[in-house]
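Notes follow once the structure below has been shown.
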Amino acid sequence: MSQQVRGVIARSKGAPVELVDIVIPDPGPGEVVVAVQACGVCHTDLTYREGGINDDFPFLLGHEAAGVVESVGEGVDLVAPGDFVVLNWRAVCGKCRACKRGRPQYCFDTYNATQKMTLTDGTELTPALGIGAFADKTLVHQGQCTKVEPGTDPAVAGLLGCGVMAGLGAAINTGGVDRTDSVAVIGCGGVGDAAIAGARLVGAHTIVAIDRDKQKLEWARELGATHTIDATEVDDVVTAVQDLTGGFGVDVAIDAVGRPETWKQAFYLRDLAGTVVLVGVPTPDMKLEMPLLDFFSHGGALKSSWYGDCLPERDFPVLIDLYRQGRLPLERFVSERIALQEVEEAFESMHRGAVLRSVVVL
886 MSQQVRGVIA RSKGAPVELV DIVIPDPGPG EVVVAVQACG VCHTDLTYRE GGINDDFPFL
946 LGHEAAGVVE SVGEGVDLVA PGDFVVLNWR AVCGKCRACK RGRPQYCFDT YNATQKMTLT
1006 DGTELTPALG IGAFADKTLV HQGQCTKVEP GTDPAVAGLL GCGVMAGLGA AINTGGVDRT
1066 DSVAVIGCGG VGDAAIAGAR LVGAHTIVAI DRDKQKLEWA RELGATHTID ATEVDDVVTA
1126 VQDLTGGFGV DVAIDAVGRP ETWKQAFYLR DLAGTVVLVG VPTPDMKLEM PLLDFFSHGG
1186 ALKSSWYGDC LPERDFPVLI DLYRQGRLPL ERFVSERIAL QEVEEAFESM HRGAVLRSVV
1246 VL
């Protein structure tokens, strides 16, 4: 029997979000209803509200979440009622050409729930990243549920569902950072600071944080940056990084902003044969113009990082274990805990750069 619960929706482009009643159907084949316990406020949710993803309004926002499986549909065998799970937006299919080549982190045909959640008048909702977790409960595919250690703070665990995993994975999975490497991260918001935490976790000996905001640079130091550069106080960021690395540049440069000018900085502030990782998301109008010879002469690797190239069933439990052991300070990303009706205010805090993450706690 369907249920009526609260949910936060974006009804039209740029309009303030609304807390309304929504309808959750009983789970069908392969589907799961999850009672949401916490959900981070991610910039992607704001992008949905602004129409930057698509125009399939109304959107049920929220996707960076953890909770408890309440009920399951026919054929569900990955989780059971009572399991504590982190939700993910890349449930791999196991059948596409990427999966068959042993690269499921690049799955080209990820799963979502088949049924639609709706408004009480029957209007179908589009769940953000196939999840829609600014709600008391949500309907997802079983592959979007990753079991992790019960008893973990849901506000912390849920952050692995998007931004923190994106940053950690950009450093560890995509960038392949290890203890022999020097690293620079441009943009020290939630994703950039997660990349810094990831570089520290694997023992990178030099970690340079670059931003224009002093508070963000302070957060970066707390999460493992060995050096910080305030871009407003130097003539040239590339030269400043080279001065910290014997004149050579870093082995791995991570652009967590996603603009042509920051990508160029990342390209030129790395050492010869170094790696550039783009994890910040550009907008469709952005263009890049550079001498082709520079690509050839600098060598190395130029990579984009999708969701930190993670495999949730592999990565989430390990990272939660590291957090519980005190080796990965995920709790530092939780700037504030808010109620479901405070999402719009959380967007404003995000705009001001006042938080790493606001987390809705239900």
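With this note's numbering applied, the sequence shown covers 886 to 1247. Yeah, the Cβ is synthetic: ideal placement off N, Cα and C, and Gly gets one too. Keep in mind the model is a prediction, meaning the values are calculated, not measured.
Pick from the options that is closest to residue i, judged by C-alpha positions
{"i": "Y996", "options": "R1242, N973 and V1245", "result": "N973"}
{"i": "T1005", "options": "V1068, I938, R891 and S956", "result": "R891"}
{"i": "D1121", "options": "V1142, L1154, H1112 and I1139", "result": "L1154"}
{"i": "T1065", "options": "G1159, V954 and D941", "result": "G1159"}
{"i": "A1239", "options": "L1225, E903, F1218 and V1203", "result": "F1218"}
{"i": "D831", "options": "A1125, V1245 and D1136", "result": "This structure leaves residue 831 out entirely; the chain is present only between 886 and 1247."}
{"i": "P1035", "options": "F969, C924, V1161 and V1246", "result": "F969"}
{"i": "L1225", "options": "D906, E1009 and G899", "result": "D906"}
{"i": "E1107", "options": "G1007, L1213, A1138 and L1163", "result": "L1213"}
{"i": "T1008", "options": "P989, S1234, F1133 and I909", "result": "I909"}
{"i": "I1114", "options": "M1002, D1096 and A1040", "result": "D1096"}
{"i": "E1221", "options": "Q1000, G1088, S1243 and V1126", "result": "S1243"}
{"i": "C924", "options": "L1187, L1045 and I1057", "result": "L1045"}
{"i": "R1209", "options": "V1033, H1026 and Q889", "result": "V1033"}
{"i": "R934", "options": "V964, G960, D962 and G899", "result": "G899"}
{"i": "R1144", "options": "T1168, K980 and A1069", "result": "T1168"}
{"i": "Y991", "options": "K1001, E1118 and R975", "result": "R975"}
{"i": "L1215", "options": "L963, P1039 and K1001", "result": "P1039"}
{"i": "H1183", "options": "L1157, F1201 and D1200", "result": "L1157"}
{"i": "L1266", "options": "Q889, G1052, T932 and T1117", "result": "The first residue shown for the chain is 886 and the last is 1247, placing residue 1266 beyond what the model contains."}
{"i": "L1247", "options": "M886, Q888, V893 and S887", "result": "V893"}
{"i": "V961", "options": "D941, R986, P912 and V1245", "result": "P912"}
Beta-carbon proximity check, residue i vs residue j, cutoff 8 Å
{"i": "A983", "j": "F944", "result": "no"}
{"i": "A1082", "j": "V1093", "result": "no"}
{"i": "L1024", "j": "A1042", "result": "no"}
{"i": "T1091", "j": "T1059", "result": "no"}
{"i": "C927", "j": "C1047", "result": "yes"}
{"i": "G1028", "j": "V977", "result": "yes"}
{"i": "A1055", "j": "V1164", "result": "yes"}
{"i": "P1197", "j": "T1031", "result": "yes"}
{"i": "S1190", "j": "V1166", "result": "no"}
{"i": "G947", "j": "A1020", "result": "yes"}
{"i": "D1140", "j": "I1071", "result": "yes"}
{"i": "T1003", "j": "L1010", "result": "yes"}
{"i": "M1235", "j": "L904", "result": "no"}
{"i": "V971", "j": "F1232", "result": "no"}
Cross-strand partners of residue i (DSSP beta bridge)
{"i": "G1236", "result": "The residue you asked about is not Gly; residue 1236 is His in the sequence shown. DSSP lists no partner for H1236."}
{"i": "G952", "result": "V921 and V970"}
{"i": "Q889", "result": "V908"}
{"i": "C1030", "result": "L972"}
{"i": "L1004", "result": "I907"}
{"i": "I1071", "result": "I1095 and D1140"}
{"i": "A1186", "result": "T1160"}
{"i": "V1245", "result": "C924 and I1223"}
{"i": "M944", "result": "The displayed chain sequence assigns Phe, not Met, to residue 944. In DSSP, F944 forms a bridge with A895 and T1011."}
{"i": "D996", "result": "It should be pointed out that residue 996 corresponds to Tyr in this sequence rather than to Asp. Paired residue(s): A976."}
{"i": "R1155", "result": "V1135"}
{"i": "V1041", "result": "V1041 is not bridged to any residue."}
Kindly provide the ranges of any beta strand (DSSP E) runs that are 3 or more residues long and lie completely inside the stretch 1083 to 1149, ordered along the chain.
Counting only runs of 3 or more, we get 1091 to 1096, 1112 to 1115 and 1135 to 1140.
Flag this pair as touching only if the stretch 1061 to 1080 and the stretch 1089 to 1104 have three or more C-beta atom pairs under 8 Å; answer yes or no.
Yes, they touch.
Taking one C-beta from the stretch 907 to 925 and one from the stretch 938 to 958 each time, how about it: are there three or more such pairs within less than 8 Å?
They touch, by the three-pair rule.
Is it a yes or a no for the stretch 1165 to 1174 touching the stretch 1135 to 1151, going by three-plus beta-carbon pairs under 8 Å?
Counting Cβ pairs under 8 Å, three or more are found: they touch.
Could you tell me whether the stretch 1227 to 1246 touches the stretch 1198 to 1213, using the rule of 3 or more Cβ pairs below 8 Å?
No, the stretch 1227 to 1246 is not in contact with the stretch 1198 to 1213.
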